[in-house]
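Number of protein chains: 2
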Amino acid sequence: MRKSRKLNRGVAVVGVGMSNFGAFPGMSSRDLFVDAFKEMRTSVDKGFDPKEIEAFYLGNFSGDLFEGQAHQAPMLADWVGLSPIPAARLEGACASASVAFREGLLGIASGMYDMVMVGGVEKMTDLHISKVTDALATAADITYEVSAGFTFPGFYASMASAYMHQYGATPETFMRVGIKNHENGALNKKAQFGARIPDLMEAKKTKALQKGKPIPTWKDEIEFLSDDRANPLIAWPMRLFDCSPVSDGGVALLLVSEEIAHQFSDDPIYVIGSGSASAGALHSRPSLTSIPSAKLAAQNAYEMANVTAKDIDLAEVHDCFTIAEIIATEDLGFFDAGKGGIAAEEGLTSRQGPQPINTSGGLKSKGHPVGASGAGQIVEIWKQLRGQAGERQLDKSPRLGLTHNVGGTGQTCNVHIFERR
Amino acid sequence: MRKSRKLNRGVAVVGVGMSNFGAFPGMSSRDLFVDAFKEMRTSVDKGFDPKEIEAFYLGNFSGDLFEGQAHQAPMLADWVGLSPIPAARLEGACASASVAFREGLLGIASGMYDMVMVGGVEKMTDLHISKVTDALATAADITYEVSAGFTFPGFYASMASAYMHQYGATPETFMRVGIKNHENGALNKKAQFGARIPDLMEAKKTKALQKGKPIPTWKDEIEFLSDDRANPLIAWPMRLFDCSPVSDGGVALLLVSEEIAHQFSDDPIYVIGSGSASAGALHSRPSLTSIPSAKLAAQNAYEMANVTAKDIDLAEVHDCFTIAEIIATEDLGFFDAGKGGIAAEEGLTSRQGPQPINTSGGLKSKGHPVGASGAGQIVEIWKQLRGQAGERQLDKSPRLGLTHNVGGTGQTCNVHIFERR
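Protein sequence lines correspond, in order, to chains A and B. Position 94 of the first sequence, counting from 1, maps to 93 under numbering that gives the first Met the number 0, and the rest follow consecutively. Position 227 of the second sequence, counting from 1, maps to 226 under numbering that gives the first Met the number 0, and the rest follow consecutively.
(1) What does M123 of chain A reach in chain B if we use C-beta pairs closer than 9 angstroms?
(2) With contact counted as at least three CB pairs below 8 angstroms, one residue from each stretch, are the region 348-368 of chain B and the region 283-294 of chain B in contact?
(3) Taking 6 angstroms as the limit between beta carbons, can you name the residues of its chain near F149 of chain B, skipping five residues before and five after?
(4) Check the C-beta distance from S88 of chain B over to E90 of chain A and give it rounded, since I have them as a contact under 8 angstroms.
(5) Check whether the region 297-308 of chain A touches the region 259-273 of chain A, taking contact to mean three or more Cβ pairs, one atom from each stretch, closer than 8 angstroms.
(6) Given that a residue counts as buried once 16 or more other Cβ atoms are within 10 Å of its Cβ, and exposed if not, what is R385 of chain A?
(7) Among the residues of its own chain, which have a CB less than 7 angstroms from the CB of K188 of chain B, if the five just before and after it don't count?
(8) Quick one: using the 10 Å Cβ neighbour count with 16 as the cut-off for buried, is L401 of chain A buried or exposed?
(9) With a threshold of 6 angstroms, establish whether the CB of L104 of chain B neighbours any heavy atom of the ligand MG.
(10) Starting from T411 of chain A, trace the beta strand (DSSP E) in both directions and tell me its first and last residue.
(11) Could you give the uninterrupted runs of the beta strand (DSSP E) lying entirely in the region 180-261 of chain A, keeping only those of 3 residues or more?
(12) Relative to the C-alpha of A136 of chain A, which candidate in B:L281, B:Y56, B:G67, B:I416 has its C-alpha closest?
(13) In or out: D241 of chain B buried (at least 16 other Cβ within 10 Å) or exposed?
(14) Helix, strand or coil, according to DSSP, for L64 of chain B in the structure here?
(15) Would you say A156 of chain B lies against chain A (beta-carbon separation less than 7 angstroms)?
(16) Would P85 of chain B pass as a contact of G248 of chain B if the rule is Cβ separation under 7 angstroms?
(17) Out of curiosity, what's the CA-to-CA distance linking A139 of chain A and A76 of chain B?
(18) Could you give the residue range of the beta strand (DSSP E) that holds N404 of chain A?
(19) Is R29 of chain A helix, strand or coil when you go by DSSP?
(20) Starting from the Cα of M74 of chain B, find the closest Cα among B:G106, B:L31, B:R40, B:G339 and give me that residue.
(21) Comparing C-alpha positions only, which one of A:A94, A:L104, A:A72, A:V43 sits nearest to K5 of chain A?
(22) Taking 7 angstroms as the threshold (beta carbon to beta carbon), is G177 of chain A in contact with chain B?
(23) Tell me the DSSP secondary structure of E38 of chain B in three-state form.
(24) Alpha carbon to alpha carbon, what distance is there between N183 of chain B and R391 of chain B?
(25) Is the Cβ of H127 of chain A closer than 7 angstroms to any Cβ of chain B?
(26) Determine whether the Cβ of T445 of chain A lies closer than 7 angstroms to any Cβ atom of chain B.
(27) Mind checking the region 289-308 of chain A against chain B and listing, in chain order, the residues whose C-beta falls within less than 8 angstroms of any C-beta there?
(28) To the nearest angstrom, how far is the alpha carbon of R8 of chain A from that of E102 of chain A?
(29) Measure the CB-CB distance between A251 of chain B and F36 of chain B and report whether it falls below 7 angstroms.
(30) Can you tell me whether DSSP reads Y269 of chain A as helix, strand or coil?
(31) Helix, strand or coil for L89 of chain A, going by three-state DSSP, please let me know.
(32) In terms of residue numbering, what span does the alpha helix (DSSP H) encompassing K50 of chain B cover?
(33) Nearest CA to the CA of A323 of chain B: which residue from B:V176, B:G21, B:R420, B:D310?
(34) Near I141 of chain A, which residues of its chain fall below 8 angstroms by C-beta distance, leaving aside the five closest residues on each side in sequence?
(35) If V12 of chain A and V79 of chain A are in contact, beta carbons under 8 angstroms, what's the gap, nearest whole angstrom?
(36) Give the range of the beta strand (DSSP E) segment to which L295 of chain B is assigned.
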């Protein structure tokens, strides 16, 4: 197998839009996507005519199971006035949107299109909550993984307990990821749980936090999070606040060929690396503390972009569970194997740290509408690189950003690298 | 919106493989795809190393609903030994495989890949038959189409009754399509119902056909097909033998860039045209007797290939219902509007006629494993153009072939044009 290589044409992202992420009874995928599309339209610095969009690539995990509606790409295209352009749905479980993004990229590089829209959408909260975990489990391997009695919290709990065993991490190590992501998400108005954990705890009316007390330290937060009533165990060592939520949300991105990017944008964000890899089921891998498809996708993306992990200023990684973020920061090469947990404990991945991770709040705080999440990551990178991330803007004028989006237990992983020039 | 244009690189199909189509209890999508993959391997004239395959594009409509297994692209890639290559599932309802084929084409044209595998798979018969029509209905618009009380037989029955009203066709017009496709399918060992209609009738132990009688004429067949017991009404005027079956099946195709095609094949089949279009729901269209996305996809494909309908030697079209084939032959420009029915009656679309349609047996006789059907069409065109279609081989040494694959009620349509040089 050859490695990834340069595309025949460069591609830039010139517009992004995102609905609120959360639970929105009465809104379908179409409604959520319209919100994203409208915001994307206004985000293009120099404006554009939607009739110039030549194709639509939609990430959607399973409208089939969540809404009883498959085949959503042409329907969403119609809903935002883009019929009769080609419209394709791509599915790679929770990595669906980054699969769609990669194909949008190739679509432009192929010469077929100059401008495409990439979207992601998922409407998860219509399905009765008792069935959501089963619907998500269809993203895992039903023959080898699910039949062993696992659903996703169990898979990632296995990775977490292996990580504890192998590297001496503790449940507190994982909690530090959640605390940090909720601190970031508290500055993101679109986040589903956009609040610091103490505030969320208060909202849950637990007795762990009294009104009027001084703002708690992270040590206080750990104490709250260790309370079984406040933060029940889901699958040891993963507790409620180690898990990303069930969410509704939509995202729209506008991609154009590099040559014409400045016709639309004062400050286009260029896609300089794209890596994608697949894998078999969990049992066939040498270790539970690393995801091989992520390592390979990262390697291919770095090679294509001609950069290394050290060059990346910020990253949005796939923190479906807190352990997943720690493993991601190692698979991406930000930290050595076994050091990601320590890095989280030491605050190296906070907004103030040297390697900021999930400044948006991540899936944990922002929400995880599975087919949209990978596109939501790109929204954050785009805004941070352009200096438009508001209260959560990084100080250091980031130039290179990365997204890492995982499907299943790692059957799919896509890594993309973005540059501000 | 721009029209489709030339790709940055040409692409050829150098291998094809297909499982039997039918109902196979005990076989999953993985098993079906393995059969297709193995045959594809042996079909490559000069051989190849599967490790050279750089990416996998899978068409699959809804493993989610049919098998409780989404995310099948990486799992099938693993199953045939191709991990860790990028693996994407594409879904465009019954056009899923042609959506995957188009993206495979763009993947090579983009410069990212030199060799990709495109597949299609569906395992429909595990789901209880009472739920299959509901599962298929998720490919239609649940807000505008299904909520009006329609499932697919109803949609196409509406098109058929409109066609009768507008052009004076009769139920017999539609029956002629089924008779012709079963005649073709009787020569296709992989077809699900690979037998002429009288033989199928006999197998159903109807009294309409007595053993030992001379082979019936098409007039006899019409008589059988008009018998309500032998051929029950599904949705007037569509009877059982106007409907494609519920099927299991898998297909694998090997695509390479034009420059290297002769390294693998003595006789590569070049993809010279690709058109794709989308549409909104049925109620928003001006007419029930034409599918606008099909007309546009055809127009774009012809322009890209620089040919017209008159140049096409044979076509595989999407005959999910007999009326659909008639409309397809008009939308593709083979016959004027309203003349496709007459053409079918006059035998113009038979293997001996000037415009052979569905020499494979079509979805009607060969079977319609929905996510695989569009790739199955390409198998037939590839074999016919290479002179390898066995008993059903066309005499006229066809040079240009076309595939037409529709999703939903026409929300998606893809047209591809293939050339033997």
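Where is the CB? At the ideal position from N, CA and C, for every residue including glycine.
In terms of the structure at hand:
(1) Numbered from 1 along the first sequence, position 124 holds the residue referred to as residue 123 of chain A. Within chain B, no residue comes near M123 of chain A; the closest Cβ sits about 14 angstroms away, beyond 9 angstroms.
(2) no
(3) Counting from one through the second sequence, the residue named residue 149 of chain B turns up at place 150. Hits under 6 angstroms: none found.
(4) Here residue 88 of chain B refers to the residue found at position 89 when the second sequence is read from its first residue. Here residue 90 of chain A refers to the residue found at position 91 when the first sequence is read from its first residue. Note that residue 88 of chain B corresponds to Arg in the displayed sequence, not to Ser. With 8 angstroms as the limit, R88 of chain B and E90 of chain A qualify as a contact, their Cβ atoms being about 4 angstroms apart.
(5) yes
(6) Within the first sequence, residue 385 of chain A is the residue found at index 386, counting from 1. The residue in question, R385 of chain A, is buried, as its Cβ has 16 or more Cβ neighbours within 10 Å.
(7) Stepping through the second sequence from its first residue, residue 188 of chain B is reached at position 189. Counting only Cβ-Cβ distances below 7 angstroms, and skipping sequence neighbours, we find nothing.
(8) Mapped onto the first sequence, residue 401 of chain A falls at position 402. When all chains shown are included, L401 of chain A counts as buried.
(9) Ligands are entirely absent from the displayed structure, and the ligand MG is therefore not among its contents.
(10) Walking along the first sequence from the start, residue 411 of chain A turns up at place 412. Segment 411-419, the beta strand (DSSP E) holding T411 of chain A.
(11) Whole beta strand (DSSP E) segments, 3+ residues: 232-234, 247-256.
(12) Along the first sequence, one-based indexing puts residue 136 of chain A at 137. Answer by Cα proximity: B:G67.
(13) Taking the first residue of the second sequence as 1, we reach residue 241 of chain B at position 242. Buried, since its Cβ has 16 or more Cβ neighbours within 10 Å.
(14) Residue 64 of chain B sits at position 65 when you count from the first residue of the second sequence. Helix.
(15) Numbered from its first residue, the second sequence carries residue 156 of chain B at position 157. No, A156 of chain B lies away from the interface with chain A (no Cβ there is under 7 angstroms from its Cβ).
(16) Position 86 of the second sequence, counting from 1, holds the residue named residue 85 of chain B. Position 249 of the second sequence, counting from 1, holds the residue named residue 248 of chain B. Contact flag unset, no.
(17) As a working mapping, residue 139 of chain A is identified with position 140 in the first sequence. As a working mapping, residue 76 of chain B is identified with position 77 in the second sequence. A139 of chain A and A76 of chain B: Cα-Cα distance of roughly 14 angstroms.
(18) Taking the first sequence and counting its residues from 1, the one referred to as residue 404 of chain A is at position 405. Start and end: 399-406.
(19) Translated into positions along the first sequence, residue 29 of chain A becomes position 30. Three-state DSSP puts R29 of chain A in a helix.
(20) Counted from its first residue, the second sequence places residue 74 of chain B at position 75. Of B:G106, B:L31, B:R40, B:G339, the residue nearest in Cα terms is B:L31.
(21) Taking the first sequence and counting its residues from 1, one reaches residue 5 of chain A at position 6. Nearest of A:A94, A:L104, A:A72, A:V43 to K5 of chain A, Cα basis: A:L104.
(22) Position 178 of the first sequence holds residue 177 of chain A. No, because no Cβ of chain B sits closer than 7 angstroms to the Cβ of G177 of chain A.
(23) Here the question's residue 38 of chain B lines up with position 39 in the second sequence. E38 of chain B falls in the helix class under three-state DSSP.
(24) Here residue 391 of chain B is taken as the residue at index 392 of the second sequence, counted from 1. Here residue 183 of chain B is taken as the residue at index 184 of the second sequence, counted from 1. Spanning the two alpha carbons is a distance of roughly 7 angstroms.
(25) Translated into the one-based positions of the first sequence, residue 127 of chain A becomes position 128. It does not; no Cβ of chain B falls within 7 angstroms.
(26) Coverage of chain A is limited to positions 0 through 420, which leaves residue 445 of chain A absent and any answer about it impossible.
(27) Shown in chain order are the members of the region 289-308 of chain A whose Cβ falls below 8 angstroms from a Cβ of chain B: P291, S292, L295.
(28) By one-based count along the first sequence, residue 8 of chain A stands at place 9. By one-based count along the first sequence, residue 102 of chain A stands at place 103. Cα-Cα distance, rounded: 13 angstroms.
(29) As a position in the second sequence, residue 251 of chain B is number 252, starting the count at 1. As a position in the second sequence, residue 36 of chain B is number 37, starting the count at 1. The answer is yes: Cβ separation under 7 angstroms.
(30) Translated into the one-based positions of the first sequence, residue 269 of chain A becomes position 270. Residue state, collapsed to three classes: strand.
(31) Taking the first residue of the first sequence as position 1, residue 89 of chain A is located at position 90. It is a strand residue.
(32) Numbered from its first residue, the second sequence carries residue 50 of chain B at position 51. First-last for K50 of chain B: undefined, no H or E at that position.
(33) Stepping through the second sequence from its first residue, residue 323 of chain B is reached at position 324. The residue with the shortest Cα to Cα distance from A323 of chain B is B:V176.
(34) As a working mapping, residue 141 of chain A is identified with position 142 in the first sequence. So the list is empty, once near-sequence residues are dropped.
(35) Taking the first sequence and counting its residues from 1, the one referred to as residue 12 of chain A is at position 13. Taking the first sequence and counting its residues from 1, the one referred to as residue 79 of chain A is at position 80. Rounded, the Cβ-Cβ distance is 18 angstroms, inconsistent with contact.
(36) The count along the second sequence starts at 1 and reaches residue 295 of chain B at position 296. Element bounds for L295 of chain B: not the beta strand (DSSP E) but the alpha helix (DSSP H), 291-304.
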